[in-house]
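I have placed the structure first, in the form of structure tokens, so that the comments after it can refer back to it.
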Amino acid sequence: MGLHPLEFSECYLDSPSFREKIKSHEAELDKTNRFIKELYKDGKNLINATKQLGMAQRKFAQCLGEFQFEYIGDAKTDDEKCIDESLQEFSSFLKNLEDQRELMMRNITETLMKPLEKFRKDQLGTVRAERKKYEKETEKYYSSLEKLLNMSAKKKEPQLQEADSQVETMKLHFQEESLTYVCKLQEIQERKKFECVEPMLAFFQTVFTFYHQGFELAKDFDHYKKALQINIQNTRSRFEGARSEVYDLMKRIREAPQEYRQTSPISCEGYLYVQEKRPPPFGSSWVKRYSTYVTKQKILHMVTFDHRSGGKIGETESVTLKSCLRKTLDVLDRRFCLELEITDRPGTVLTVQAMSEDDHKFWMQAMDGKEAVSQPPAPCFDAQLNNVGLSFMKNAISAIETRGINDQGLYRVVGVSSKVQKLLSLMIGKYNSNEVDLSTSEDWDVKTVTSTLKLYLSPESRIQAVHCLVHKLPERNRQVLGLLMKHLAKVAAHSKHNLMTVANLGVVFGPTLMRPQEDTVAAIMDLKFQNIVVEILIEHDEKVPLTTGICITSSAPTRQSKKQSRQNRPLAVYNPQALDIHNGKRRTHLHLYIFTPPNILQELSWGTAHAVYPCEAEHDSELSFQVGAIFNGVTQSREPGWLEGELEGKRGLIPENYVEML
Numbered sequence: 000m001g002l003h004p005l006e007f008s009e010c011y012l013d014s015p016s017f018r019e020k021i022k023s024h025e026a027e028l029d030k031t032n033r034f035i036k037e038l039y040k041d042g043k044n045l046i047n048a049t050k051q052l053g054m055a056q057r058k059f060a061q062c063l064g065e066f067q068f069e070y071i072g073d074a075k076t077d078d079e080k081c082i083d084e085s086l087q088e089f090s091s092f093l094k095n096l097e098d099q100r101e102l103m104m105r106n107i108t109e110t111l112m113k114p115l116e117k118f119r120k121d122q123l124g125t126v127r128a129e130r131k132k133y134e135k136e137t138e139k140y141y142s143s144l145e146k147l148l149n150m151s152a153k154k155k156e157p158q159l160q161e162a163d164s165q166v167e168t169m170k171l172h173f174q175e176e177s178l179t180y181v182c183k184l185q186e187i188q189e190r191k192k193f194e195c196v197e198p199m200l201a202f203f204q205t206v207f208t209f210y211h212q213g214f215e216l217a218k219d220f221d222h223y224k225k226a227l228q229i230n231i232q233n234t235r236s237r238f239e240g241a242r243s244e245v246y247d248l249m250k251r252i253r254e255a256p257q258e259y260r261q262t263s264p265i266s267c268e269g270y271l272y273v274q275e276k277r278p279p280p281f282g283s284s285w286v287k288r289y290s291t292y293v294t295k296q297k298i299l300h301m302v303t304f305d306h307r308s309g310g311k312i313g314e315t316e317s318v319t320l321k322s323c324l325r326k327t328l329d330v331l332d333r334r335f336c337l338e339l340e341i342t343d344r345p346g347t348v349l350t351v352q353a354m355s356e357d358d359h360k361f362w363m364q365a366m367d368g369k370e371a372v373s374q375p376p377a378p379c380f381d382a383q384l385n386n387v388g389l390s391f392m393k394n395a396i397s398a399i400e401t402r403g404i405n406d407q408g409l410y411r412v413v414g415v416s417s418k419v420q421k422l423l424s425l426m427i428g429k430y431n432s433n434e435v436d437l438s439t440s441e442d443w444d445v446k447t448v449t450s451t452l453k454l455y456l457s458p459e460s461r462i463q464a465v466h467c468l469v470h471k472l473p474e475r476n477r478q479v480l481g482l483l484m485k486h487l488a489k490v491a492a493h494s495k496h497n498l499m500t501v502a503n504l505g506v507v508f509g510p511t512l513m514r515p516q517e518d519t520v521a522a523i524m525d526l527k528f529q530n531i532v533v534e535i536l537i538e539h540d541e542k543v544p545l546t547t548g549i550c551i552t553s554s555a556p557t558r559q560s561k562k563q564s565r566q567n568r569p570l571a572v573y574n575p576q577a578l579d580i581h582n583g584k585r586r587t588h589l590h591l592y593i594f595t596p597p598n599i600l601q602e603l604s605w606g607t608a609h610a611v612y613p614c615e616a617e618h619d620s621e622l623s624f625q626v627g628a629i630f631n632g633v634t635q636s637r638e639p640g641w642l643e644g645e646l647e648g649k650r651g652l653i654p655e656n657y658v659e660m661l
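Here the sequence shown is numbered in numbering that gives the first Met the number 0, starting from 0 and rising by one per residue.
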């Protein structure tokens, strides 16, 4: 059974059972007071522990955000870039989570800790004060009553009446205090039910709000997580392919190290012992130096380096060679020696010693200038934006910064694909409408704008470069490559069953279709870019058509002239810039190792021509000209109906039916 109710009528009787009931109520309130004090203490500990957790998480997030992976080679794949940026993304996610946790802790302090402490001090503290007053009045009343009852009956009547009056007054005070105390006891007993539980309810609401915020962050993170998993899988697949190639190269080098020593066509490197002569009677000493000989300039760079001294690098000395002679044993009692005559120090002869007989032959061959000089690097391909694209970018960026700069998951949360395609078509399509102000338009939400901007900035220049390389292949090779790519596209379309995604097919066919120019670890590390080229050919087989003689399937608007109309302009059959895929200083060239065609198209030089009709270029690869323009170096283009020629220092495509040969 619970606590007995305290009847007001019992305050006047003040029976022993009534007093026991009061004690039960007082004990229950004391227990409640201890509970709230303990809960407050535990709550403080919880808040402090959560703060420590938050500080540790923020430190962890900071450590993640400050670290960056270094990569091998001169460039990174898109997958590697995403993996590099993943640590910053993780750091941002943890910081957002800790911001929510910090907000939760502030709410717990306001909604739980302060209300409980206020109830304990204001309500339970008031009861304790009333209890003391009640006990004091009880003591006064019953003490005066005992004195009254102990008075002699022989006292005078006025004295007895005065004593009776005083006791009666004290009795009224006692009963009044008893009524107040009993009322307060029962009021607090009822009040504690909601005064204690309501803050607890607010506490759990705050906790669940925090977990809901975490759930929302996890939903935003899910798309990024799935994309990152694909990036990781692609990188792992490329790593497995590159690792097998590296081990194979290591095995070949171990079997024939001298065949792989020449790593650069413009310089030779290795250790040489250089004789340093001293004045008599000290003789001479031999110092080991790492030497680099630049073939074309005949410059020998030497840097002192001794592995036994902790690998300290000394000063670098450079000399220009005039001649190199073999040092015979009858002149110097040391094997593998060379005598170098220096041009910048007339009369000075430098004596060096190779490490072995093979090393001696290597330096002899290198220093007499017999090594081939590499061809100068070709200029890189550079894709440019047109005015429509630039206008769209300004419009989109303005809208994002105006409407969504504070949106969580900006650029990570993707829009609906159909809306994205529709907006891109509207803004940069044939009937582009850049008059639409995306900053004020309610038809396009922020995630659609960001997704459209990302789609527009997708690596189209890369696709164009591959497209142009493919069309430099002989016709038969291009046809075979086209058949293979269409087949692989169908294989990738069934990847849910055969597990051969585009990335997996790139790993398999990248090394098969493309080979590096040099057999080195650096070249093997660039296998991932060969795989990417194959991935582009598979994914964009419609944009990079391989089985027709026309570079693209779309055609520019036709023009009518006195001769036949011009149709199907080639977009990039010819480009005076080098159309190559670059990986930093090294380049991966596209070769199709399937069969050798019986013949290759030969260019026929026609000399000069003059324009009989004006023409305005519709693509960067074409020339604009007026009637009477003179073209030099005119040759037949691979595309039917087109010529290649030079006008005012620029070379490009010319429609054959717009000119006459001179």
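Even for Gly, the Cβ is constructed at its ideal location relative to N, Cα and C.
From a predicted model like this one, the values you see are computed outputs, not experimental measurements.
Counting along the chain, the unbroken alpha helix (DSSP H) around isoleucine 46 starts and ends at 15-65. The criterion of a C-beta distance shorter than 8 Å is not satisfied by aspartate 525 and glycine 240.
Exposed is the label assigned to arginine 253, since fewer than 16 other Cβ atoms lie within 10 Å of its Cβ. Following the DSSP letters along the chain, one finds tryptophan 362 inside the alpha helix (DSSP H) bounded by residues 356-366. Here the alpha carbon of alanine 26 sits roughly 11 Å from the alpha carbon of glutamine 188. Counting only residues of its own chain and dropping the five nearest sequence neighbours on each side, arginine 119 has a CB closer than 8 Å to the CB of Asn32, Ile35, Lys36, Tyr39. Of the candidates Thr234, Leu123, Thr350, the residue whose Cα lies closest to the Cα of glutamate 79 is Thr234.
Pairwise C-beta distances place the segment 170-179 in contact with the segment 122-140, as three or more of them are shorter than 8 Å. With 16 or more other Cβ atoms inside 10 Å of its own Cβ, asparagine 394 counts as buried. The alpha-carbon of aspartate 343 is positioned some 45 Å away from that of tyrosine 246.
Residue range 386-402 is occupied by the alpha helix (DSSP H) that includes asparagine 386. In the DSSP annotation of this structure, the continuous segment of the beta strand (DSSP E) that includes serine 317 starts and ends at 311-325.
Here the alpha carbons of serine 416 and serine 440 stand approximately 19 Å from one another.
With respect to the 8 Å criterion, serine 236 and asparagine 503 are classified as neighbours on the basis of their beta carbons. In the three-state reduction of the DSSP assignment, proline 345 falls in the coil class, being assigned neither a helical nor a strand state.
Partner residues in the beta bridge of alanine 610, as assigned by DSSP, are Val658. With fewer than 16 other Cβ atoms inside 10 Å of its own Cβ, glutamate 6 counts as exposed. Straight-line spacing of the CA atoms in glycine 606 and arginine 411 works out to 56 Å. Under the DSSP assignment, isoleucine 531 falls in the alpha helix (DSSP H) whose first and last residues are 526-538. Nearest Cα to phenylalanine 209 within the set Asp29, Glu109, Met103: Met103. By the criterion of at least three beta-carbon pairs nearer than 8 Å, the segment 102-116 is not in contact with the segment 143-161. Here glutamine 478 carries a helix assignment [DSSP, helix/strand/coil]. The residues Thr205, in chain order, have a CB closer than 6 Å to that of asparagine 106 in the same chain once the five nearest residues on each side in sequence are set aside. In this structure, the alpha-carbon of lysine 75 lies about 9 Å from that of phenylalanine 528. Per DSSP, the beta bridge partners of tyrosine 270 are Tyr289. Considering only Asn386, Leu93, Asp41, the residue with the shortest C-alpha distance to lysine 58 is Leu93. As computed with DSSP, histidine 300 is found in a beta bridge with Thr291, Ser317. Pairing leucine 454 with valine 419 gives a Cβ-Cβ distance under 8 Å. DSSP, read as helix, strand or coil, puts asparagine 497 in helix.
Counting only runs that start and end inside the segment 103-176, the alpha helix (DSSP H) elements of at least 4 residues fall at 113-118, 124-148. For serine 266, same chain residues with a beta-carbon under 7 Å away, outside a window of 5 residues either side, are Thr291, Tyr292, Val293, Thr294 in chain order. Its chain contains Phe630, Asn631, Gly632 as the residues whose beta carbon lies nearer than 7 Å to that of glutamate 645, once the 5 sequence neighbours on both sides are disregarded; these appear in chain order. Contact check for serine 636 and leucine 652: beta-carbon distance about 6 Å, within the 8 Å limit, so the pair qualifies. Here asparagine 47 is exposed: its Cβ has fewer than 16 other Cβ atoms, across all protein chains shown, within 10 Å. Of all alpha-carbon atoms in Ala162, Phe220, Glu84, the one lying nearest the alpha-carbon of glycine 408 is that of Phe220.
Using a Cβ distance threshold of 8 Å, cysteine 323 and methionine 354 do not count as a contacting pair.
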